[in-house]
Amino acid sequence: MPYVEKEISPLVFRAYDIRGVINEEFNEDAFYTIGRALSVRMKQLNRTSIFLARDGRLTSERLAEALKCGLLDSGIDVIELGAVSSPVLYYATHLPQADSGLIVTASHNPAEYNGIKIVLAGKTLTKSEIFELYQIIQSGQFVEGRGNSSFLDILDSYADLIVSNVHVMRPFKVVVDCGNGIAGPLVPKVLERLGCEVIPLHCDVDGHFPNHHPDPTVEENLLELRATVKKHQADIGLAFDGDADRLGVIAESGEILWPDRLMMFYARDLLKKTKNATIVFDVKCSAFLTRIIEQEEGVAQMCPTGHSIVKSVMEEKGAILAGEMSGHLFFKDRWFGFDDALYSACRLLELLSQNTDSVSQQFMEIPISVNTPEIKIPMEEKDKFLFMQEFEKKAEFPKARVIGIDGLRVEFSDGWGLLRASNTTPCLIARFEAEDENALEKIKSLFRIQINQINPALELPF
1 MPYVEKEISP LVFRAYDIRG VINEEFNEDA FYTIGRALSV RMKQLNRTSI FLARDGRLTS
61 ERLAEALKCG LLDSGIDVIE LGAVSSPVLY YATHLPQADS GLIVTASHNP AEYNGIKIVL
121 AGKTLTKSEI FELYQIIQSG QFVEGRGNSS FLDILDSYAD LIVSNVHVMR PFKVVVDCGN
181 GIAGPLVPKV LERLGCEVIP LHCDVDGHFP NHHPDPTVEE NLLELRATVK KHQADIGLAF
241 DGDADRLGVI AESGEILWPD RLMMFYARDL LKKTKNATIV FDVKCSAFLT RIIEQEEGVA
301 QMCPTGHSIV KSVMEEKGAI LAGEMSGHLF FKDRWFGFDD ALYSACRLLE LLSQNTDSVS
361 QQFMEIPISV NTPEIKIPME EKDKFLFMQE FEKKAEFPKA RVIGIDGLRV EFSDGWGLLR
421 ASNTTPCLIA RFEAEDENAL EKIKSLFRIQ INQINPALEL PF
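Residue numbers (the UniProt record's numbering): 1 to 462.
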């Protein structure tokens with residue numbers, strides 16, 4: 001079908017990627033137009049070829065086709081990868097054919113969303129570079145040409161590379177919940193090749209997400225995984241988000257091992273081998289992570305939330321490990337430095353296999369505080385950043401250390417609290433951690449007071 005160039009709402013050009021509700025905020029014509037704009041940037045970077053992938057969402061195939069046509073009509077050669085995960089797309093950009101890639105995905109967002117994750121000339125785009133695409137569209141200054149389309153199957157080479165890179169020294173019984181996301185066909189096969197017995201859960205790709213949202217940061221989405229781990233007396237449960245760049249983990253006891261504790265576990269091991277190495281983490285992570293990194297003679301580097309931001313800070317600081325509380329985990333000691341849930345899961349199994357103790361026993365050495373998961377406070381897209389501007393200007397926290405790199409993280413002697421605007425969903429995000437329940441309640445109360453001074457009508461779920 002012919003596509004037409006179309007004006008697009010600036011709201012879909014977000015901090016880490018392009019994302020919105022299909023048929024409300026954008027459609028196939030918009031994806032065609034974005035392809036045209038991306039081609040302008042490609043030409044500016046002296047690039048003529050790009051990889052194109054898509055996840056398993058119901059709209060991804062037709063949106064990817066529109067995006068491809070926008071690229072081809074601008075003289076860019078498109079190498080299609082088919083339906084694969086974001087990490088497979090990132091892996092492709094390290095191959096000789098091209099160092100740029102796009103994947104049509106909305107990650108863990110609900111089924112009505114879709115979007116594009118972008119790598120150009122080997123780099124994930126920054127917030128300003130993503131908004132530049134909107135400005136190109138506004139200008140209407142596109143390039144003309146006729147590109148060629150081809151297909152490349154790299155799933156086997158990606159799987160082979162993981163299997164050759166990771167060494168799991170004893171067998172594990174693993175329950176895998178792919179949440180009907182794109183990881184389903186690949187993850188069980190790779191784990192079986194590493195010697196694991198795999199019990200698959202929702203590993204068929206279904207863009208309706210009929211069982212639960214593929215978001216492993218939400219405890220409710222891990223309930224079935226936890227029950228299945230216990231039922232089968234499995235050693236561990238692994239959960240993957242919709243495009244397989246975020247990981248959730250359940251111990252054999254049913255305990256959730258949140259990503260900041262996973263990072264403590266990884267960091268302790270990596271820093272024994274590489275002293276003075278830098279480890280990057282986002283503002284939502286536990287204060288214990290900083291302590292463990294520094295105890296092991298590493299350099300702790302906090303940064304704003306966002307996979308593209310973490311990647312750029314990791315690159316800038318030469319870090320060997322990075323991660324976010326949302327489950328994005330990045331290894332660069334002997335991997336590529338992109339967020340890859342399957343590779344991170346395999347590295348976890350490798351580390352656990354060096355000891356005969358259960359997962360729970362091994363994690364007893366990793367400190368845990370009294371804390372909350374991410375708390376979402378619903379707020380319109382157009383209001384959330386304005387609210388945070390007011391909060392950052394007016395909130396008062398005497399005798400506390402205030403870190404303002406992404407919202408406000410306020411650190412007290414006995415804990416900390418965070419309030420920031422989500423860049424992917426219409427809400428604010430809060431999180432709290434403290435030495436005990438009393439301290440936690442005190443910090444929450446201080447935040448409630450400051451938030452209510454700005455908007456007394458706002459309903460707070462904490």
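All residues carry an ideal CB built from backbone N, CA and C; glycine is no exception. Predicted, not measured: the structure shown is a model, and the values here were computed from it.
Query: Length at least 3, wholly inside the stretch 56 to 97: the beta strand (DSSP E) runs in chain order; Result: 77 to 83
Query: Buried versus exposed call for D260 [16 or more other C-beta atoms within 10 Å across all chains shown]; Result: buried
Query: Of the residues S326, F240, E315, the one placed nearest F336, counting alpha carbons only; Result: E315
Query: Contacting residues, own chain, Cβ-Cβ under 6 Å from G115 (five flanking each side not counted); Result: D17, I18, R19, A106
Query: Proximal residues to A400 (C-beta, below 7 Å), its chain only, five neighbours per side dropped; Result: V410, E411, F412
Query: Of the residues V21, A92, E24, the one placed nearest S49, counting alpha carbons only; Result: A92
Query: Alpha carbon of T126 to alpha carbon of V176, nearest angstrom; Result: 33 Å
Query: Contact under 8 Å by Cβ, L102 with I79; Result: no
Query: Selected residue, minimal CA-CA separation from S312, among E28, A15, A98, T124; Result: T124
Query: Residues near D99 in its chain [Cβ-Cβ closer than 7 Å; skip 5 each side]; Result: T93, A121, G122
Query: Simplified DSSP state of E390, which is helix, strand or coil; Result: helix
Query: Assigned exposure category for L418 - 16 Cβ within 10 Å defines buried; Result: buried
Query: Entirely enclosed beta strand (DSSP E) segments - the UniProt domain "Alpha-D-phosphohexomutase C-terminal" (374 to 445), minimum 3 residues; Result: 375 to 378, 401 to 403, 408 to 412, 415 to 421, 427 to 434
Query: Reduced DSSP category for S164 - H, G, I as helix; E, B as strand; rest coil; Result: helix
Query: Within the stretch 195 to 241, ranges of the beta strand (DSSP E) (whole runs, at least 3 residues); Result: 197 to 201, 236 to 240
Query: Straight-line Cα distance separating F397 from N211; Result: 42 Å
Query: Spatial distance of residue 496 from A434 (CA atoms); Result: Look at the range of the chain in this structure, 1 to 462, and you will see that residue 496 is not part of it.
Query: Nonlocal neighbours in the same chain, by C-beta distance under 8 Å from I405, ignoring five residues either side; Result: V283, M302, C303, P304
Query: The alpha helix (DSSP H) enclosing L352, as first and last residue numbers; Result: 341 to 352
Query: Pick from V88, M169, R62, K6 that is closest to L161, judged by C-alpha positions; Result: V88
Query: Alpha-carbon spacing of I22 relative to L45, whole angstroms; Result: 30 Å
Query: Beta-carbon proximity of E25 to V4, cut-off 8 Å; Result: no
Query: Beta-carbon spacing of E255, S360 below 8 Å; Result: yes
Query: Beta-bridge pairing of L321 - partner residues as DSSP gives them; Result: I279, F331
Query: C-beta contact flag for A239 and G179 at 8 Å; Result: yes
Query: Limits of the alpha helix (DSSP H) - the one that A37 falls within; Result: 28 to 44
Query: Cα-Cα separation between A319 and D55, rounded to whole angstroms; Result: 29 Å
Query: Helix, strand or coil at I256 [DSSP, three-state]; Result: strand
Query: Cut-off 6 Å between Cβ atoms - residues of its own chain near H108, not counting five sequence neighbours on either side; Result: P214, D215, D241, G242
Query: Cβ neighbours of K376 in the same chain (closer than 7 Å, five flanking residues each side left out); Result: C427, I429
Query: Continuous beta strand (DSSP E) stretch holding F51: start and end; Result: 49 to 54
Query: Between the CA atoms of V187 and E381 - distance to the nearest angstrom; Result: 35 Å
Query: Reference D355; option with closest CA among D414, L321, G248, D269; Result: According to the sequence shown, residue 355 is Asn rather than Asp. Out of D414, L321, G248, D269, D269 has the C-alpha closest to the C-alpha of N355.
Query: C-alpha distance - residue 517 paired with F51, whole-angstrom precision; Result: This structure gives no information on residue 517, because the portion of the chain shown stretches from 1 to 462.
Query: According to DSSP, residues forming a beta bridge with C285; Result: DSSP output for C285 lists no bridge partner at all.
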